[in-house]
Amino acid sequence: MPDTRPTTAERRARAASRPGQGDVDSFGLTHPGLVRERNEDQFLIASVHKLMQVHQSSLDHQALGDAVSDSHGFLFLVADGVGGLPGGQEASSAALRAVVDYVTFTMRLYYHSDAEHESRFLEELERSVLRSHSAVRAEGDRIGLPGGLATTLTMVAVIWPTAYLIHVGDSRCYRLRDGTLTQISRDQTMAAALVEAGVLTPQDAERSGLRHMLASVLGAGTAEPMTASSEIQWDDQLLLCSDGLTKHVNDEEIASVLKHEPTAERCCRELVRLALERGGTDNVTVVVSRLKRDVRHGTTREAPRPW
4 MPDTRPTTAE RRARAASRPG QGDVDSFGLT HPGLVRERNE DQFLIASVHK LMQVHQSSLD
64 HQALGDAVSD SHGFLFLVAD GVGGLPGGQE ASSAALRAVV DYVTFTMRLY YHSDAEHESR
124 FLEELERSVL RSHSAVRAEG DRIGLPGGLA TTLTMVAVIW PTAYLIHVGD SRCYRLRDGT
184 LTQISRDQTM AAALVEAGVL TPQDAERSGL RHMLASVLGA GTAEPMTASS EIQWDDQLLL
244 CSDGLTKHVN DEEIASVLKH EPTAERCCRE LVRLALERGG TDNVTVVVSR LKRDVRHGTT
304 REAPRPW
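Numbering (the numbering used here), first residue to last: 4 to 310.
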């Protein structure tokens with residue numbers, strides 16, 4: 004079969020027209036829910052510079068650092084401290100800080116992300132997540148809970164025109180394209196593994212007590228990051244969420260919200276409202292990102308086009 008991947012020259016031409024910081028409509032929202040006393044979820048939205056500029060996070064901005072040069076890409080992240088284990092909030096916080104520290108340290112790769120460097124770039128991002136695995140373990144030792152801290156982590160690094168996904172656990176990454184919602188991440192649960200092995204049907208897995216038992220997690224147990232990359236289209240929308248959303252809101256409803264709400268903030272607030280309205284049995288966190296209408300060189304786009 005002929006190689007249909009874009010050439011380096013084509014990718015560089017597309018990169019030259021990449022969206023700037025002012026073009027991206029992104030918003031994140033986290034809520035403890037109506038049952039849990041603590042919120043063990045964390046999220047991050049950042050633009051990538053020679054270092055990194057944090058725009059919104061559940062953690063203190065000053066603790067994460069900042070930078071102010073022209074943006075080259077964007078970083079979106081959700082971490083869900085595993086419920087039922089002590090120190091879930093500390094686990095998700097440790098994971099997020101470790102990713103920020105490591106990605107900031109390896110920012111040079113954002114300036115070399117083309118066809119020749121893509122595999123190396125994914126390897127470095129995966130290494131940042133494995134570093135988070137060690138950081139969560141170290142935090143458990145520090146607070147006297149060795150092996151007791153655990154968190155999911157779902158991270159997307161966007162370097163126009165490519166999105167790179169690194170994922171551990173059962174938080175999710177969705178993409179809305181041409182009106183169709185697709186789950187890009189794979190749930191790393193025991194139930195999902197049994198479905199893949201042909202032992203359970205998807206319907207049986209949904210009813211199984213194994214559907215929330217993680218097969219891969221940062222901190223306690225084993226971390227086996229999933230990695231993927233795909234070309235971005237201008238009509239794409241991106242959603243990252245913890246399972247506090249998907250326990251109560253199905254894919255059809257998520258798609259409807261992304262299609263009909265006019266801004267990323269409105270999408271986030273409506274999705275969290277639906278989860279709370281239906282019981283809010285877990286912490287719920289959502290991050291939505293898309294392009295908004297822009298004006299360049301006196302030319303206005305016909306309509307806002309999300310990605």
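Glycine included, every Cβ here is placed at the ideal spot set by N, Cα and C.
Whole-angstrom distance between Thr155 and Met193, CA atom to CA atom: Counted from its first residue, the sequence shown places residue 193 at position 190. Counted from its first residue, the sequence shown places residue 155 at position 152. CA-to-CA, the gap between Met193 and Thr155 works out to about 14 Å.
Residue closest to Val244, alpha-carbon to alpha-carbon, out of Leu37, Arg39, Asp44 and Asp28: By 1-based counting over the sequence shown, the position of residue 244 is 241. Checking the displayed sequence, the identity of residue 244 turns out to be Cys instead of Val. Ranking the options by Cα distance to Cys244, first place goes to Asp44.
When DSSP builds the beta bridges, which residues end up paired with Phe124? Here residue 124 refers to the residue found at position 121 of the sequence shown. DSSP output for Phe124 lists no bridge partner at all.
Between Arg134, Thr183 and Arg214, which has its C-alpha nearest Leu197's C-alpha? Reading the sequence shown from its first residue, position 194 is the one you call residue 197. Among Arg134, Thr183 and Arg214, the Cα nearest to that of Leu197 belongs to Arg214.
Own chain partners of Ala160 with C-beta closer than 7 Å, once the 5 adjacent residues on each side are dropped: Position 157 of the sequence shown holds residue 160. The residues are Gly76, Leu78, Leu128 and Tyr167.
Assess contact between the segment 140 to 147 and the segment 225 to 244, defined as three or more Cβ pairs (one per stretch) separated by less than 8 Å. Is contact present? In this structure the segment 140 to 147 does not lie against the segment 225 to 244, because fewer than three pairs of beta carbons, one per stretch, are closer than 8 Å.
In angstroms with no decimal places, state the Cα-to-Cα distance between Leu37 and Ser131. Taking the sequence shown and counting its residues from 1, one reaches residue 37 at position 34. Taking the sequence shown and counting its residues from 1, one reaches residue 131 at position 128. Their Cα atoms are separated by approximately 33 Å.
Between the C-alpha atoms of Ser95 and Ser50, what's the straight-line distance to the nearest angstrom? Numbered from 1 along the sequence shown, position 92 holds the residue referred to as residue 95. Numbered from 1 along the sequence shown, position 47 holds the residue referred to as residue 50. Rounded to the nearest whole angstrom, the C-alpha separation of Ser95 and Ser50 is 21 Å.
Residues in its own chain within less than 7 Å of Thr185 by CB, not counting five upstream and five downstream? Within the sequence shown, the letter at position 182 stands for residue 185. Hits under 7 Å: Tyr177 and Arg178.
Where Ile332 sits in the DSSP three-state scheme: Nothing can be reported for residue 332, as the shown portion of the chain is limited to 4 through 310.
May I ask which residues mark the beginning and end of the alpha helix (DSSP H) holding Met193? Counted from its first residue, the sequence shown places residue 193 at position 190. Counted as a single uninterrupted DSSP element, the alpha helix (DSSP H) harbouring Met193 occupies residues Met193 to Glu199.
Pair within 8 Å by beta-carbon distance, Ser188 and Met216: If you number the sequence shown from 1, residue 188 lands on position 185. If you number the sequence shown from 1, residue 216 lands on position 213. No, they are not a contact pair.
Could you name the residues of the same chain whose beta carbon sits closer than 8 Å to that of Asp181, not counting the 5 residues immediately before and after it, in chain order? Residue numbering aside, residue 181 sits at position 178 when the sequence shown is read from its first letter. Within the same chain, Asp181 has close Cβ partners Asp238.
Give a yes or no on whether 8 Å exceeds the smallest Cβ distance from His136 to chain C. Absent from the structure is chain C; it holds one protein chain and no more.
Can the beta-carbon of Ala153 be found closer than 8 Å to that of Gly212? If you number the sequence shown from 1, residue 153 lands on position 150. If you number the sequence shown from 1, residue 212 lands on position 209. Going by C-beta atoms, Ala153 is not nearer than 8 Å to Gly212.
Ignore the nearest five residues each way along the sequence and tell me which others in Leu125's own chain have a CB closer than 7 Å to its CB. In the sequence shown, counting from the first residue as 1, residue 125 sits at position 122. Closer than 7 Å at Cβ, skipping near neighbours: Tyr167, Thr230 and Ser232.
How far does the beta strand (DSSP E) with Asp44 in it reach, from first residue to last? As a working mapping, residue 44 is identified with position 41 in the sequence shown. Here the beta strand (DSSP E) through Asp44 covers Asp44 to Val51.
Which whole-angstrom value is the C-beta distance of Thr183 and Asp28, which I expect to be below 8 Å? Position 180 of the sequence shown, counted from the first residue, corresponds to residue 183. Position 25 of the sequence shown, counted from the first residue, corresponds to residue 28. Going by Cβ atoms, the distance from Thr183 to Asp28 rounds to 20 Å, so no, they are not a contact pair.
Own chain, CB closer than 7 Å to Ala101, minus 5 neighbours either side, in chain order: Along the sequence shown, read from residue 1 onward, the residue named residue 101 stands at position 98. The beta carbon of Ala101 lies closer than 7 Å to those of Arg134, Ser135 and Ala138 in the same chain, with the five residues before and after it left out.
At 3 residues or longer, what runs of the beta strand (DSSP E) sit wholly inside the segment 126 to 180? DSSP runs (the beta strand (DSSP E)) wholly in the segment 126 to 180: 156 to 162, 165 to 171 and 175 to 180.
When DSSP labels each residue in this structure, what does Thr288 get in the three-state scheme? Along the sequence shown, one-based indexing puts residue 288 at 285. Residue state, collapsed to three classes: strand.
Reduced DSSP category for Thr3 - H, G, I as helix; E, B as strand; rest coil: In this structure the chain extends from 4 to 310, so residue 3 is not present and cannot be described.
On the CB-based measure, 16 or more other CB atoms within 10 Å of its CB, does Gln206 come out buried or exposed? For the purposes of this step, residue 206 is identified with residue 203 of the sequence shown, where counting begins at 1. Gln206 comes out exposed.
Who are Thr183's beta bridge partners in DSSP? Your numbering for residue 183 matches position 180 in the sequence shown. Thr183 is bridged to Arg180.
Cβ atoms of Leu248 and Ala278: under 8 Å apart, would you say? Indexing the sequence shown from 1 puts residue 278 at position 275. Indexing the sequence shown from 1 puts residue 248 at position 245. For Ala278 and Leu248, yes; Cβs fall inside 8 Å.
Rounded Cβ spacing between Val220 and Val290 (contact assumed at less than 8 Å): Counting from 1 along the sequence shown, the entry for residue 220 is found at position 217. Counting from 1 along the sequence shown, the entry for residue 290 is found at position 287. Not really, about 20 Å apart at Cβ, beyond 8 Å.
So Gln240 is in the beta strand (DSSP E); what residue range does that whole segment cover? Within the sequence shown, the letter at position 237 stands for residue 240. Gln240 -> beta strand (DSSP E) spans Gln240 to Cys244.
Are the CB atoms of Arg272 and Leu32 nearer to each other than 8 Å? Here residue 272 refers to the residue found at position 269 of the sequence shown. Here residue 32 refers to the residue found at position 29 of the sequence shown. By the CB criterion at 8 Å, Arg272 and Leu32 fall inside the cutoff.
So the candidates are Glu264, Ile169 and Gly224; which of them puts its Cα closest to the Cα of Ser122? Counting from one through the sequence shown, the residue named residue 122 turns up at place 119. If we check each option's Cα against that of Ser122, Ile169 comes out closest.
The alpha helix (DSSP H) spanning Asp26 covers which residue range? Mapped onto the sequence shown, residue 26 falls at position 23. Counted as a single uninterrupted DSSP element, the stretch harbouring Asp26 is not any alpha helix (DSSP H), since DSSP gives it neither H nor E.
How about His58 and Val287: are their beta carbons less than 8 Å apart? One-based indexing of the sequence shown puts residue 58 at position 55. One-based indexing of the sequence shown puts residue 287 at position 284. Contact flag unset, no.
Quick one: Cα of Glu280 to Cα of Arg39, how far? The residue you call residue 280 lines up with position 277 of the sequence shown. The residue you call residue 39 lines up with position 36 of the sequence shown. Computed Cα separation, rounded: 15 Å.
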